[in-house]
Amino acid sequence: MPKSKAADPKGQQPEALATFAASARNAGRKPKEIGLEATKSTAPLKTSPALKQDAANKVLREGVLDKGQGADEAIDKLPDRTRRR
């Protein structure tokens, strides 16, 4: 999985998946340190639009064709902060 740096969080909202992941790890409650402005750990990750488009296309094709199109591999190429490393 490529390493992506979080964007400068100043003035941005926290990424939803980062908030959900932190809540899941905190007995289902949003941690107090996650407010209305993003921090380095909740700022959106910089991701290539081409990688996101490729993954989305493959997921949709799998749903329509009901055959493997490589969606899992394409998704694994995207940064994901919800998984513990």
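FYI, in this note's numbering the residues of the sequence shown are 50 to 134.
Each residue gets a CB set at the ideal place from its N, CA and C atoms; glycine is no exception.
The model shown is predicted, which means the values in this text are computed figures rather than measured ones.
- Pairing E82 with G112, the inter-Cα distance amounts to about 38 Å.
- One Cα belongs to D129, the other to D115, and the distance between them is close to 25 Å.
- Counting only unbroken stretches of 3 or more residues, no beta strand (DSSP E) element lies wholly within the segment 84-134.
- For A67, the enclosing alpha helix (DSSP H) has its first and last residue at 65-73.
- When rounded, the separation of the alpha-carbon atoms in K89 and K59 is 9 Å.
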